[in-house]
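Asker: Note that this note's numbering numbers the sequence shown so that position 7 is 677, with each residue one more than the last.
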Amino acid sequence: MKNIIQHINKAFDHRVRLGIMSILMVNEYADFNMLKELLGATDGNIASHTKALEKEAYIKVKKSFINRKPNTRYSTTTAGREAFSKHIEALEKLINP
Numbered sequence: 671m672k673n674i675i676q677h678i679n680k681a682f683d684h685r686v687r688l689g690i691m692s693i694l695m696v697n698e699y700a701d702f703n704m705l706k707e708l709l710g711a712t713d714g715n716i717a718s719h720t721k722a723l724e725k726e727a728y729i730k731v732k733k734s735f736i737n738r739k740p741n742t743r744y745s746t747t748t749a750g751r752e753a754f755s756k757h758i759e760a761l762e763k764l765i766n767p
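1. How about A722 and A749: do their beta carbons lie closer than 8 Å?
2. Judging by CA-CA distance, which residue of I675, A681 and K730 is the nearest neighbour of A700?
3. Should the stretch 686-698 be called in touch with the stretch 749-759, which here means at least 3 C-beta pairs below 8 Å?
4. If contact is defined by three or more beta carbon pairs under 8 Å, each pair taking one atom from either stretch, is the stretch 680-689 in contact with the stretch 709-725?
5. For S734, which residues from the same chain have a beta carbon less than 7 Å from its beta carbon, with the 5 sequence-adjacent residues on both sides left out?
6. Looking at the secondary structure, which residues open and close the alpha helix (DSSP H) in which K763 lies?
7. Count the other CB atoms, across all protein chains shown, that sit within 10 Å of the CB of I675; report buried if there are 16 or more and exposed otherwise.
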C-alpha cells in the first residue's frame, strides 16, 4: 500500500472539476449552460473551474455565436482523457485495493 495516493490528480480534487470532467468524458462536448445546469453551480464556479482545466490542457474551449448569442463549448483533450482515466483508476484502487 505504498504511495496509494500517488496517482490521484490534484487538478480533479474539487467536486466541480470532477463533475465537469465526468460530463465531458461521456459526451462529445458540453456547453456552459449545460454544465451549469447539470452541476448546479454558479456562472463564476463554472468559469473558474473550466479555466483551471483549460490551463492544464485537459479541456478545449470553442467560442461561437448561435442566433447572435454567445455559446461556449467544452470538450476533453487526449491528455485530459488520459489524466482523468488515471485519476479514476487511482481512486478505484484506493477504495478496492
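The beta-carbon is built from N, C-alpha and C at its ideal position, and this holds for glycine as well.
Answerer: On the basis of the coordinates in this document:
1. Taking the sequence shown and counting its residues from 1, the one referred to as residue 722 is at position 52. Taking the sequence shown and counting its residues from 1, the one referred to as residue 749 is at position 79. Between A722 and A749, the C-beta spacing is not below 8 Å.
2. One-based indexing of the sequence shown puts residue 700 at position 30. When each option's Cα is compared against that of A700, the closest is K730.
3. yes
4. yes
5. In the sequence shown, residue 734 corresponds to position 64, counting from 1. These residues qualify, in order along the chain: N741.
6. Your numbering for residue 763 matches position 93 in the sequence shown. First-last of the alpha helix (DSSP H) with K763: T748 to I765.
7. Taking the sequence shown and counting its residues from 1, one reaches residue 675 at position 5. I675 is exposed by the Cβ-count criterion.
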